[in-house]
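This report concerns only the one structure given below.
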Amino acid sequence: MKHHLQEIISTALSTLRADGTLDCELPDIQIERTRDRSHGDFACNIAMMLAKFAKRKPRDLAEQIVAALPQSDSVAKVEIAGPGFINFSMAPSAFQAVVEQVLEAGEAYGRSTIGAGKRVQVEFVSANPTGPLHVGHGRGAAYGATVADLLAVAGFQVHREYYVNDAGRQMDILATSVWLRYLDVCGEKLEFPSNGYKGDYVWDIAKSLQQDAGETYRHSATDVFTDIPADEPAGGDKELHIDALIARARELLGADDYRKVFDKGLNVILADIREDLEEFGVAYEEWYSERSLMESGAVDKAIERLQTSGHVYEEKGALWFRSTDFGDEKDRVVVRDNGQKTYFASDIAYHMEKIERGFERVIDVWGADHHGYVPRVKAALQALGDDPSKLDVLLVQFAILYRSGEKVQMSTRSGSFVTLRELREEVGNDAARFFYVMRKCEQHMDFDLDLAKSQSNDNPVYYLQYAHARVCSVMRQLEEKGFSYEQAVGLKQVDKLTESHEQALLVSLSRYPEVVEAAALEHEPHVVAYYLRELANDFHTYYNAHQFLVEESSLRNSRLALILAVRQVLANGLGLLGVSAPESM
RNA sequence: GCCCCGAUAGCUCAGCUGGAUAGAGCGUCCCCCUCCUAAGGGGAAGGUCAGAGGUUCGAAUCCUCUUCGGGGCGCCA
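Numbering-wise (the working numbering), the first sequence opens with residue 65 and increments by one.
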């Protein structure tokens, strides 16, 4: 409908230009849904926009535009109001036709082709595989998955990807943590490093390792700890302590066995993450390994490309990328003086590789704590001759957890955190998915665990699901009451839908495609959540005000057609958010 | 110190990218099941849109400054 109005206004403006009434640039034609019904259904501010350039009074201009509008069956009334708004009232038939559009399209109602098949990559979660996902990752998972699904519905070709940080120091700390716990399981007496991963899952991995391999990797605690610098609690430095232990693990185990222990930890945790996300309704096209990037030489290639293009220099034994040339606040190290490539180096390679794979848009969903990272990655893309505007980084603010009114401190390494799995089990996937996505991503989120865990009706997701279940319930009652439903009859009689509640519902249904499109393009799933709330509210109000299962066939069939359309849109919208649409509750 | 995000009803948040009288949920207070699920509906109260300037027909929305929160500023990942 919006689109139609844009067209007829555009025609009117062309007419005015042709006869010389207008001779200025034409801005985009903005059509808005009115807030107040007395202003019609849609409003256009074009006359006020043009008034400046045309040096004419907005209201006079509006009158000329209205006079030049072509005839349209779906427009019932056009009025000029306020400072120069052009208000459109649509013919009831235009809204009534929505019922058929919804029922015809079914699951496809709300889809569009605005993405034109463009290839978009969405990378999200990408948490280090050093432990189970916690509730902080849950927000990125729900948000990223929904943004990806929205883009798909809007006609983009979407590639969902998880970047697996299976290389680097954090993973070495995990491998060493697993090994030390394993030694403990084998009967060695040792002091666990304060900087190691202390979660229970490390014990589990260690026990599993012992079951698989017996004492193959066993060394005496004395051999392990001899000449290792003291840990922090003992007056030393925890970083030096853990690094020495990593080196010792490599030395005692040898490269092959170290890798086996390393991979044991990695694989167990990655499998857990994968299963966790799958159960959460989050699926990926690809799990992309950082290690493969190192081993394929892609990282070296990226550094070489920066070198040959002259964006790299050496200082104090390290190799630096001159990111300040591209607006970053300081230059960044890509190869340390000990010859180790930094995480940033593989990230440059990874993003270079993303562009090389031919994605027209690349979306990264990151935690807000990584925001300082954006300029340097964009700088790297620019230095490599790629277009940094292809990359969109969506920063998701933290979810601050509250339990019994107090903030929950989160730390992966100390093992004190609430896992995503734990949350899902207690709240349910539906509530968790919905809750995470209800707020726009740059908004801090207070996640009240007690509220979320309580199966109370405070939880907004039940309200939507209930609306869906209610429609299903009505349809179940149909036969019991000896009535029948014929869609063809209902669709022929949609002009019976004249009650104010029905009109409100029809308007809401007609908005759905606009809502989905806007949510997709702006990466804002929360607008879908808010929309569904309104639709459900319109329905519940209608339900209370009118009977659907009435004697009169034409009225009954048209009303049932309407509520079935509502059910369809609720199901489509809930599906987009990863929430189920139950038939009964 | 510099950078990012935020500040709207008692609480948690929307506000269609500058539009008409600023909206929901929860909480509080009234009311509605002889009726398709009351996990529902209707109504009331509740606001200096953090503050001060500016831009214009028009500002919660854009710009500047100030105040207050959260986060980030490693040859960590």
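All residues carry an ideal CB built from backbone N, CA and C; glycine is no exception.
Residue i - containing alpha helix (DSSP H), residue span
{"i": "Met315", "result": "This sequence places Glu at residue 315; Met is not what is there. Glu315 -> alpha helix (DSSP H) spans Lys302 to Glu343."}
{"i": "Asp411", "result": "Tyr407 to Glu420"}
{"i": "Ser618", "result": "Ser617 to Leu640"}
{"i": "Ser284", "result": "Premise fails: Ser284 is in no alpha helix (DSSP H) and is neither H nor E."}
{"i": "His532", "result": "Pro524 to Glu544"}
{"i": "His604", "result": "His590 to Ala609"}
{"i": "Leu465", "result": "Run containing Leu465: none in the alpha helix (DSSP H); it sits in the beta strand (DSSP E), Ala463 to Arg467."}
{"i": "Val397", "result": "Counting along the chain, Val397 falls outside any alpha helix (DSSP H), though it belongs to the beta strand (DSSP E) covering Arg396 to Val399."}
Residue range of the beta strand (DSSP E) that includes residue i
{"i": "Lys141", "result": "Val139 to Ala145"}
{"i": "Ile150", "result": "Phe149 to Met154"}
{"i": "Arg97", "result": "Ile95 to Arg97"}
{"i": "Asp248", "result": "Here Asp248 belongs to no beta strand (DSSP E); instead the alpha helix (DSSP H) covers Arg233 to Val249."}
{"i": "Tyr352", "result": "Glu350 to Ser353"}
{"i": "Ala294", "result": "Counting along the chain, Ala294 falls outside any beta strand (DSSP E), and DSSP gives it neither H nor E."}
{"i": "Tyr227", "result": "Gln221 to Val228"}
{"i": "Ala107", "result": "Phe106 to Cys108"}
Distance between beta carbons of residue j and residue i, contact taken as under 8 angstroms
{"i": "Met502", "j": "Arg203", "result": "Their Cβ separation, rounded to whole angstroms, is 11 angstroms, which puts Met502 and Arg203 out of contact at 8 angstroms."}
{"i": "Val558", "j": "Ala516", "result": "Val558 to Ala516, Cβ: 41 angstroms. No contact."}
{"i": "Thr240", "j": "Ala313", "result": "5 angstroms"}
{"i": "Ala51", "j": "Lys253", "result": "The shown model of the chain, from 65 to 649, leaves out residue 51, and the question about it has no answer."}
{"i": "Arg631", "j": "Val525", "result": "Actually they do not touch by this definition, with Cβ atoms about 16 angstroms apart."}
{"i": "Asn493", "j": "Tyr549", "result": "Rounded, the Cβ-Cβ distance is 32 angstroms, inconsistent with contact."}
{"i": "Pro452", "j": "Gln446", "result": "5 angstroms"}
{"i": "Pro185", "j": "Lys418", "result": "Note on identity: in this sequence residue 185 is Gln, with Pro being the wrong assignment. With 8 angstroms as the limit, Gln185 and Lys418 qualify as a contact, their Cβ atoms being about 6 angstroms apart."}
Counted within 10 angstroms of its Cβ, other Cβ atoms place residue i as buried (16 or more) or exposed
{"i": "Asp428", "result": "buried"}
{"i": "Asn229", "result": "buried"}
{"i": "Gly179", "result": "buried"}
{"i": "Ala209", "result": "buried"}
{"i": "Ala600", "result": "buried"}
{"i": "Gly263", "result": "buried"}
{"i": "Thr194", "result": "buried"}
{"i": "Glu506", "result": "exposed"}
{"i": "Asp389", "result": "exposed"}
{"i": "Pro147", "result": "exposed"}
{"i": "Cys88", "result": "exposed"}
{"i": "Phe344", "result": "buried"}
{"i": "Arg99", "result": "exposed"}
Proximity below 7 angstroms, CB of residue i to CB of residue j
{"i": "Leu77", "j": "Leu90", "result": "yes"}
{"i": "Val266", "j": "Arg245", "result": "yes"}
{"i": "Asp395", "j": "Trp384", "result": "yes"}
{"i": "Ala382", "j": "Asp364", "result": "no"}
{"i": "Glu424", "j": "Arg183", "result": "yes"}
{"i": "Phe159", "j": "Leu596", "result": "no"}
{"i": "Asn636", "j": "Gly174", "result": "yes"}
{"i": "Val643", "j": "Phe498", "result": "yes"}
{"i": "Lys556", "j": "Leu619", "result": "no"}
{"i": "Ala660", "j": "Ser387", "result": "Residue 660 is absent from the structure shown; the chain starts at 65 and stops at 649."}
{"i": "Asp512", "j": "Tyr466", "result": "yes"}
{"i": "Thr134", "j": "Thr75", "result": "The amino acid occupying residue 134 in the given sequence is Pro; Thr does not appear at that position. Yes."}
{"i": "Ile310", "j": "Asp248", "result": "no"}
{"i": "His198", "j": "Phe481", "result": "yes"}
{"i": "Ala568", "j": "Leu634", "result": "no"}
{"i": "Pro646", "j": "Gln529", "result": "yes"}
{"i": "Leu448", "j": "Arg369", "result": "yes"}
{"i": "His587", "j": "Val166", "result": "no"}
{"i": "Ala584", "j": "Leu214", "result": "yes"}
{"i": "Asp336", "j": "Pro196", "result": "yes"}
{"i": "Leu500", "j": "Ala206", "result": "In the sequence as presented, Leu is not what sits at residue 500; that position holds Tyr. In this structure, Ala206 lies closer than 7 angstroms to Tyr500 by Cβ."}
{"i": "Asp149", "j": "Leu69", "result": "The question names Asp, but residue 149 is Phe in the sequence shown. No."}
{"i": "Glu578", "j": "Ser176", "result": "no"}
{"i": "Asp321", "j": "Tyr281", "result": "yes"}
{"i": "Lys66", "j": "Ile95", "result": "yes"}
{"i": "Ala533", "j": "Met358", "result": "no"}
{"i": "Ile110", "j": "Ile93", "result": "yes"}
The region 260-274 in contact with the region 327-347 per 3-pair CB rule at 8 angstroms
yes
Three Cβ pairs or more, each shorter than 8 angstroms: is that satisfied between the region 255-262 and the region 293-308?
yes
Examine the Cβ distances between the region 89-107 and the region 119-137 and report whether three or more of them are shorter than 8 angstroms.
no
Three or more beta-carbon pairs under 8 angstroms between the region 595-610 and the region 134-142, yes or no?
no
Should the region 219-235 be regarded as contacting the region 289-300, the criterion being three or more beta carbon pairs within less than 8 angstroms?
no
When you compare the region 451-458 with the region 482-489, are there three or more beta-carbon pairs, one atom per stretch, that lie closer than 8 angstroms?
no
Assess, as a yes-or-no matter, whether the region 159-169 is touched by the region 565-581 under the definition of 3 or more beta carbon pairs within less than 8 angstroms.
yes
Would the region 407-418 and the region 352-368 be scored as touching if the rule is three or more Cβ pairs under 8 angstroms?
yes
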